[in-house]
Amino acid sequence: MRKTNAIFYLAGVLAICPLNSSLAFDPGASTESRATSPSEAFRLGARAYFAGNKEKAVDALSFAAANGVPAAQWKLGRMYADGDGVAEDDLKAFEYFSSIADQHADDSPGSSQAPYVASAFVALGSYYLTGIQNTAVKPNVRRAREIFTYAASYFGNADAQYNLGRLYLAGAPGDDPDPHMAARWLKLAASKGHYEAQAALGELMFFEDTIAKNRVRGLMWLTVAMPRAHGDKDAWIVEAQERAFSLANENERRRAVMLAQRWEKKDIASR
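Take a look at the structure:
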């Protein structure tokens, strides 16, 4: 699950679970007395966060997280990972995400907390790709791949599927790249609207000889992904689409654009 989608999910929880006005903060009270339950503390913290009062948010979310609310643990993990209202602390973020994974790995993929659990696994996998400097969390690509595989297969998480596809393209230490496995995982993520996966799959299908080429489908996926590319981090998507478009013949371009338009209509209709 993408981080942005998790935030929208958080807002959706608030919309259907309005906060009892009697739970407003009393600055002189302890956290435990400010809310009658951890779930209410979570809702209070989330409302404070979206209102811009991040100090109050951290206070309430910490109480909810300490009492096992995975949504609160996830939100605090993201805040510490991004330095959002708190000092950036990747190890503390890692600990929050680990707590979610340890306690909720077997939760149903259809459960209300599944988006947070899947996102926590993706965050952990990403930390194992790079390690956390000056901590016991060292780079471990094989461990990252195991974590992404679990989130990709059990929870069907598109971010995990994309990361897994990328790892198979690069090859883990001691393993050769596996473009066929990469294409499989990228296609799953692409079909869910993951634009980076769409671009990576399109690039693979158009340019690589290691799998059965399909230049029309490759250009189609690149064309679908390009409008969502933004900033320097996505420059590779624009460059790949423009290069593929320049190399394609007129018939391939026309068919790719038609398929891209058909995909967009289908994607909009399914939202």
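For what it's worth, my numbering labels the leading residue of the sequence shown as 4, then goes sequentially.
Where is the CB? At the ideal position from N, CA and C, for every residue including glycine.
Task: Same chain, Cβ closer than 6 Å to Tyr99, neighbours up to 5 away in sequence not counted - done: For the purposes of this step, residue 99 is identified with residue 96 of the sequence shown, where counting begins at 1. Contacts found: Gln76, Leu79, Gly80.
Open item on the list: Quick check on the DSSP output: the alpha helix (DSSP H) that includes Asn254 runs from which residue to which?
Closed with: Counting from one through the sequence shown, the residue named residue 254 turns up at place 251. First-last of the alpha helix (DSSP H) with Asn254: 253 to 273.
- [ ] Would you mind stating whether Val72 and Pro41 have Cβ atoms separated by less than 7 Å?
- [x] As a first step, residue 72 must be located in the sequence shown, where it is residue number 69. As a first step, residue 41 must be located in the sequence shown, where it is residue number 38. Cβ distance < 7 Å, so Val72 and Pro41 count as in contact.
Task: Residue nearest to Gly177 in terms of C-alpha spacing, selected from Asp162, Val144, Asp109, Gln116 - done: Taking the first residue of the sequence shown as 1, we reach residue 177 at position 174. Nearest in C-alpha terms to Gly177, of all of Asp162, Val144, Asp109, Gln116, is Val144.
Open item on the list: By alpha-carbon positions, which one of Gly88, Ala84, Lys269 ends up nearest to Ala60?
Closed with: Counted from its first residue, the sequence shown places residue 60 at position 57. Comparing Cα positions, the closest option is Gly88.
Task: Length of the line joining the Cα atoms of Gln189 and Met229 - done: For the purposes of this step, residue 189 is identified with residue 186 of the sequence shown, where counting begins at 1. For the purposes of this step, residue 229 is identified with residue 226 of the sequence shown, where counting begins at 1. In the sequence as displayed, the identity of residue 189 is Leu instead of Gln. So the two alpha carbons sit approximately 16 Å from each other.
TODO: Assign Pro142 to buried or exposed, taking buried as 16 or more other Cβ atoms, counted over all protein chains shown, within 10 Å of its Cβ.
DONE: The sequence position of residue 142 within the sequence shown is 139, counting from 1. By the neighbour-count criterion, in which 16 or more other beta carbons inside 10 Å mark a residue as buried, Pro142 falls on the exposed side.
Task: C-alpha distance - Tyr171 paired with Gln164, whole-angstrom precision - done: One-based indexing of the sequence shown puts residue 171 at position 168. One-based indexing of the sequence shown puts residue 164 at position 161. Distance between the alpha carbons of Tyr171 and Gln164 is about 11 Å.
Open item on the list: Let's test the definition: count the other Cβ atoms within 10 Å of the Cβ of Met82 and tell me whether it reaches 16, buried, or not, exposed.
Closed with: Numbered from 1 along the sequence shown, position 79 holds the residue referred to as residue 82. Counting the other Cβ atoms within 10 Å of the Cβ of Met82 gives 16 or more, which makes it buried.
Task: Where Tyr157 sits in the DSSP three-state scheme - done: Here residue 157 refers to the residue found at position 154 when the sequence shown is read from its first residue. Coil, per DSSP.
- [ ] Pick out the complete alpha helix (DSSP H) segments inside the stretch 99 to 147, 4 residues or longer, and give them in chain order.
- [x] Within the stretch 99 to 147, the complete alpha helix (DSSP H) runs of at least 4 residues are 117 to 133.
Open item on the list: Can you look up Ala96 in the DSSP assignment and give me helix, strand or coil?
Closed with: Your numbering for residue 96 matches position 93 in the sequence shown. Correct three-state label for Ala96: helix.
Open item on the list: Excluding the 5 residues flanking Ala68 on each side, which residues of the same chain have their C-beta closer than 6 Å to its C-beta?
Closed with: As a working mapping, residue 68 is identified with position 65 in the sequence shown. Within the same chain, Cβ atoms closer than 6 Å to the Cβ of Ala68 are found at Ala75, Gln76, Leu79, the five residues on either side in sequence being excluded.
TODO: Under the assumption that Ile240 contacts Ala202 (Cβ atoms under 8 Å), give the Cβ distance between them as a whole number of angstroms.
DONE: Here residue 240 refers to the residue found at position 237 when the sequence shown is read from its first residue. Here residue 202 refers to the residue found at position 199 when the sequence shown is read from its first residue. Between Ala202 and Ile240 the Cβ distance is about 4 Å, and since that is below 8 Å, they are a contact.
Task: Backbone secondary structure at Val72 - three-state DSSP - done: For the purposes of this step, residue 72 is taken as residue 69 along the sequence shown, with counting starting at 1. Taken through DSSP and simplified to helix, strand or coil, Val72 comes out as coil.
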